[in-house]
Structure formats: structure tokens, C-alpha cells
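These notes concern the structure reproduced below.
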Amino acid sequence: MALLTAKTFSLQFNNKHRVNKPYYRRKALLCYQLTPQNGSTPTRGHLKNKEKDHAEIRFINKIKSMGLDETQCYQVTCYLTWSPCPSCARELVDFIKAHNHLNLSIFASRLYYHWRPHYQEGLLLLCGSRVPVEVMGLPEFTDCWENFVDHKEPPSFNPSEKLDELDKNSRAIKRRLERIKQSRSVDVLENGLRSLQLGPVTPSSSTHNSR
Numbered sequence: 001m002a003l004l005t006a007k008t009f010s011l012q013f014n015n016k017h018r019v020n021k022p023y024y025r026r027k028a029l030l031c032y033q034l035t036p037q038n039g040s041t042p043t044r045g046h047l048k049n050k051e052k053d054h055a056e057i058r059f060i061n062k063i064k065s066m067g068l069d070e071t072q073c074y075q076v077t078c079y080l081t082w083s084p085c086p087s088c089a090r091e092l093v094d095f096i097k098a099h100n101h102l103n104l105s106i107f108a109s110r111l112y113y114h115w116r117p118h119y120q121e122g123l124l125l126l127c128g129s130r131v132p133v134e135v136m137g138l139p140e141f142t143d144c145w146e147n148f149v150d151h152k153e154p155p156s157f158n159p160s161e162k163l164d165e166l167d168k169n170s171r172a173i174k175r176r177l178e179r180i181k182q183s184r185s186v187d188v189l190e191n192g193l194r195s196l197q198l199g200p201v202t203p204s205s206s207t208h209n210s211r
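Going by full-length UniProt numbering, the final residue of the sequence shown carries number 211, and the count climbs one at a time with no gaps.
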């Protein structure tokens, strides 16, 4: 497996609200780990956007091409620099629904256009469809650093300090995602109450109370 450079990890998984000078583009990058339930060695790799295909679509095609044994269960963990767009969210949901032997967990360093309702709906679709989405914290950043980065040459930064910085920055992003999830819960409750209020009149409710 080709590994990421320490510089690529530092730049692309950077979860600060704004990029410091010198400015650069934070691209979509997806690191995946597929672990068979039988304890076999995990399969790892990473993908990025290519032409018109987002990294998530390339990931789906990659898993399909592996010819996995459908009688065996697999845990698939993905670390993304950006959370999926609405279109990719739908593709991931359809993919997992069609492959019951796969359990997919998504961890994102940053939330993509999180203030736009359509993108929030994409996140909620994933969370409600057997594809949990969470924000990367220290355990995930550490796992990504240890298993997807080339450590042959020493990095230009202190890895421990970098991981602590990423973890600290992730706290506000985690709260943001929780607010999005809570908004879904509130909407479901309000719709349920509205349905009760607008429901058909039953015989018992149309008669006077016998007491």
C-alpha cells in the first residue's frame, strides 16, 4: 500500500477553521481499512478525488472490485478529510444496503458545507441508514497517523503536538455535528406531534367525556 507523506497528513487533515498562510486547498482524501471478521490481516488504502469521481465513489468501486466473500462479515472504517457531499452520501447508503456483510463507519476531519440544509440532510441520511458518521478525535487521528503515513523520514513537526492540536480543534466540530443530529430529533418529534394534532377524529374523541 502506498503511504501518505507526513506533510500530506498534516496539510489535508488540518481541521482548523481557516488555513494559515501560505494558503493551500484542502482536498478530499479518504483512507479506508477493511477488517475481516475472521481475524485476517486488514486491507488498507487511500483514495482522493479524480476527475469527476469523488473519493467516496472510487472507494465504493474499489470495494466492489475486491470480490469479497459475502458469507463473511467485514468492518470497514473510513477516515475522510471532508464529510461526504449529499450525492456521495446517497451512493454510500445504497451501497451498504446492497451489501449486508459490510459494516461501514465514517470519521471525518471536517464537515463539508455543514451550514447548508442539503448537506445536513446528507449527513442525517447516513446516520439513519446503518452508516454512522462521527468527527475524528484523538483515537482516529492517531490510528490514521500510525497506519496510513510513511514514517521512514522524520516529519518537520512534532507528531504528538500535531495530534493534540487536531484533537483540540475537533471538539467544536463534534459539537456542530451533534447540533445537526439533534435538529433531526427535534424535527421528528415535531412532525410526530403535528401528526397527532392533525390526525382523524376518532369516535371516542368526538363524544363528550363520560366523566
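Even glycine gets a Cβ: it sits at the ideal position worked out from N, Cα and C.
Less than 8 Å between the CB atoms is what I'm expecting for residue i and residue j, so what's the real figure, rounded?
i, j, result
"tryptophan 145", "leucine 163", "6 Å"
"asparagine 49", "lysine 27", "7 Å"
Who are the Cβ neighbours of residue i in its own chain at under 6 Å, not counting the five residues just before and after it?
i, result
"serine 47", "A small correction: the amino acid at residue 47 is leucine; serine does not occupy that position in the sequence shown. Leu30, Ala55, Arg58, Phe59, listed in sequence order."
"serine 105", "Thr77, Pro132"
"glutamate 190", "A caution first: glutamate 190 carries a pLDDT of 44, below 50, which makes its placement in the model unreliable, though a value can still be read off. Around glutamate 190: no qualifying Cβ."
"leucine 80", "Leu30, Ala108"
Thinking C-beta only, is residue j closer than 9 Å to residue i?
i, j, result
"glycine 137", "lysine 181", "no"
"lysine 7", "serine 156", "yes"
"arginine 90", "glycine 128", "no"
"proline 84", "leucine 34", "no"
"arginine 44", "leucine 111", "no"
"histidine 99", "glutamate 134", "no"
"arginine 130", "asparagine 147", "no"
Report buried or exposed for residue i, applying the criterion of at least 16 other Cβ atoms within 10 angstroms of its Cβ.
i, result
"glutamate 140", "buried"
"tyrosine 24", "exposed"
"valine 149", "buried"
"alanine 108", "buried"
"threonine 77", "buried"
"histidine 208", "Confidence is the limiting factor: at histidine 208 the pLDDT is only 38, short of 50, which leaves the residue's position unreliable, though a coordinate-based value still follows. So histidine 208 ends up on the exposed side."
"valine 188", "At valine 188 the pLDDT is 44, less than 50, meaning the model places this residue with poor confidence and gives no usable figure here."
"tryptophan 82", "buried"
"residue 251", "Outside the displayed span of the chain (1 to 211) sits residue 251, for which this structure offers no information."
"glycine 67", "exposed"
"valine 19", "exposed"
"proline 117", "exposed"
"alanine 2", "exposed"
"proline 154", "exposed"
"phenylalanine 13", "buried"
"threonine 5", "exposed"
Got a sec? Which residues, its chain only, sit under 7 Å from residue i by beta carbon, not counting five neighbours each side?
i, result
"asparagine 169", "Asn15, Lys16"
"tyrosine 113", "Tyr119"
"glutamate 121", "Pro86"
Can you name the residues that DSSP bridges to residue i?
i, result
"aspartate 143", "Paired residue(s): none; aspartate 143 is not in a bridge."
"tyrosine 23", "DSSP, once it has assigned bridges, lists no residue as partnering tyrosine 23."
"histidine 46", "Cys31"
"asparagine 103", "Gln75"
"aspartate 53", "Lys50"
"alanine 108", "Leu80, Val135"
"proline 36", "Tyr74"
"valine 149", "Leu4"
What residues in its chain sit with their C-beta under 8 Å from that of residue i, if we drop five residues either side in the sequence?
i, result
"glutamine 72", "Pro36, Gln37, Asn38, His101"
"threonine 142", "Leu163"
"lysine 97", "Ser129, Arg130"
What I want to know is whether the C-beta of residue i ends up closer than 8 Å to one or more non-hydrogen atoms of the ligand FMN.
i, result
"serine 156", "Looking for the ligand FMN in the displayed structure turns up nothing, as the structure carries no ligands at all."
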